[in-house]
Amino acid sequence: MDGNAVHAKCGDRSNYAPIRSALCASGNPHDVVDALLGLYPFKRLYIADINAIQGRDNHAGIIRGIQHNHPSLEIWLDAGISTGNLAAWQQQGLHCVIGSESISHMDKYRMLMQTPDHKNLLSLDFNQTGFLGPEPLLQDASNWPDRIIAMTLARVGSAAGPDTERLASIASRAGNRHVYAAGGIRGISDLLKLEASGITGALVATTLHTGSLTTGDIHSLMQAPLAKAE
1 MDGNAVHAKC GDRSNYAPIR SALCASGNPH DVVDALLGLY PFKRLYIADI
51 NAIQGRDNHA GIIRGIQHNH PSLEIWLDAG ISTGNLAAWQ QQGLHCVIGS
101 ESISHMDKYR MLMQTPDHKN LLSLDFNQTG FLGPEPLLQD ASNWPDRIIA
151 MTLARVGSAA GPDTERLASI ASRAGNRHVY AAGGIRGISD LLKLEASGIT
201 GALVATTLHT GSLTTGDIHS LMQAPLAKAE
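With the numbering used here, letter number 154 in the sequence shown gets 154, and the count goes up by one each step, no holes.
So this is what it looks like as structure tokens:
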């Protein structure tokens with residue numbers, strides 16, 4: 001956000017503050033990525049470009065720099081993806097996250113998902129009041145791609161724990177699709193419970209930056225089926 005890595009907390013973007021991490025002293029995105037990969041050689045990195053999600057400028061240059069420094073890293077980008085900017089992000093070799101909060105109607109969503117050779121993921125976004133996006137997108141699982149993020153914004157950056165009831169509901173309708181949990185994950189215990197409930201993987205950040213999830217924890221998780229703590 002505005003050129004810095006920030007601590008996303010409870011979906012309140014107006015109050016996101018520069019990140020304070022046990023892994024590094026800097027909030028420079030390049031330093032933060034280097035620190036995360038120093039903790040564990042993750043294969044995937046989720047980036048939320050908050051400026052782009054808010055309809056302002058974007059951080060394409062910073063993201064290109066991360067790609068240059070880590071060419072084997074698979075980047076999942078959540079950037080308020082629309083029909084106007086999807087092609088440019090895809091040409092950059094990114095896996096684009098289509099956030100339901102940015103979808104005004106189903107025709108727009110279908111256009112995004114019909115692009116050739118897409119690597120798109122769907123993020124089903126929820127705030128305190130419920131689902132953000134067209135209701136048919138949530139209710140009809142036939143609209144879902146192979147990879148789905150269940151994003152509980154009110155729990156992001158908190159120690160509230162994952163929304164297990166909502167995750168179970170989505171996973172039960174997902175069939176053979178891959179479901180990733182996002183929001184509220186506190187450490188290895190939560191991740192093991194998610195694994196047992198059939199969740200494919202999880203997006204974690206706060207628990208890494210606070211040291212609640214250690215290198216040893218990650219190594220043990222990667223020996224299990226839930227080997228995708230992104």
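Beta carbons are placed, not taken as given, at the ideal position from N, Cα and C, and that holds for glycine. Only a predicted model underlies this, so the values are computations on that prediction, with no experimental measurement involved.
For secondary structure counted as the alpha helix (DSSP H) over 4 or more consecutive residues, the stretch 34-112 holds these complete runs in sequence order: 50-53, 60-69 and 86-91. The DSSP-derived three-state label of VAL179 is strand. The beta carbon of LEU94 sits closer than 6 Å to the beta carbons of ILE75 and LEU77 from its chain, once the five residues preceding and following it are set aside; these are given in chain order. Taking ALA202 as reference, the option from VAL156, GLY84 and PHE131 with the minimal CA-CA separation is VAL156.
Between the C-alpha atoms of ARG44 and MET106 there is a straight-line separation of about 29 Å.
Contact between GLY80 and ALA52 holds, with the beta-carbon distance rounding to 5 Å and staying under 8 Å.
For ASN28, the closest C-alpha among the options SER102, GLY55, SER72 and ILE66 is that of ILE66. In the three-state reduction of the DSSP assignment, ASP140 falls in the coil class, being assigned neither a helical nor a strand state. The C-beta separation of ILE148 from ALA182 comes to about 10 Å, leaving the pair out of contact by the 8 Å criterion.
If only complete runs of 3 or more residues are kept, the stretch 150-221 shows the beta strand (DSSP E) at 178-182 and 201-203, in order along the chain. For GLY130, the beta-bridge partners assigned by DSSP are ASN127.
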